[in-house]
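Counting in UniProt numbering, the sequence shown runs from 1 upward without gaps.
Glycine residues also receive a C-beta, built at the ideal position from the N, C-alpha and C atoms.
Just so it is clear, the structure is predicted and the values come from calculations on it, not from any experiment.
Report on the structure given below.
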Amino acid sequence: MEKLITMTDNLITGVEEMDKEHLELIEIINHVASLIKEGKKEEVKEFFINKFSAYIETHLKDEEKFMESIGYPELETHKKVHNI
Numbered sequence: 001m002e003k004l005i006t007m008t009d010n011l012i013t014g015v016e017e018m019d020k021e022h023l024e025l026i027e028i029i030n031h032v033a034s035l036i037k038e039g040k041k042e043e044v045k046e047f048f049i050n051k052f053s054a055y056i057e058t059h060l061k062d063e064e065k066f067m068e069s070i071g072y073p074e075l076e077t078h079k080k081v082h083n084i
């Protein structure tokens with residue numbers, strides 16, 4: 001399977017848990033891209049309803065909690081990006 005996105009140095013945070021979650025997100029995106037390419041529309045819809053939305057919600061909360069714990073100065077701006 002050709003990958004749409006790969007983990008590149010600019011995506012690595014150096015925080016093991018965040019990097020694992022970002023890698024998982026990349027794998028999810030590549031999986032969905034593969035399903036779309038194969039014309040599996042129903043599977044894409046089911047995947048988004050059952051898995052992707054829950055994963056994203058958890059990841060964004062984890063990321064914001066981590067940023068808050070280190071006193072990340074742009075936290076409020078980053079939260080706004082998450083809410084787009």
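Check, Outcome
"Asn30 versus Ile56: straight-line alpha-carbon distance, rounded", "15 Å"
"Asn30 in three-state terms, based on DSSP", "helix"
"Cβ neighbour criterion (16 or more within 10 Å) applied to Glu63", "buried"
"Sequence ranges, alpha helix (DSSP H) only - wholly within the UniProt domain \"Hemerythrin-like\" (13 to 83), length at least 4", "16 to 37, 41 to 47, 53 to 69, 75 to 82"
"Leu11 and His22 closer than 7 Å at C-beta", "yes"
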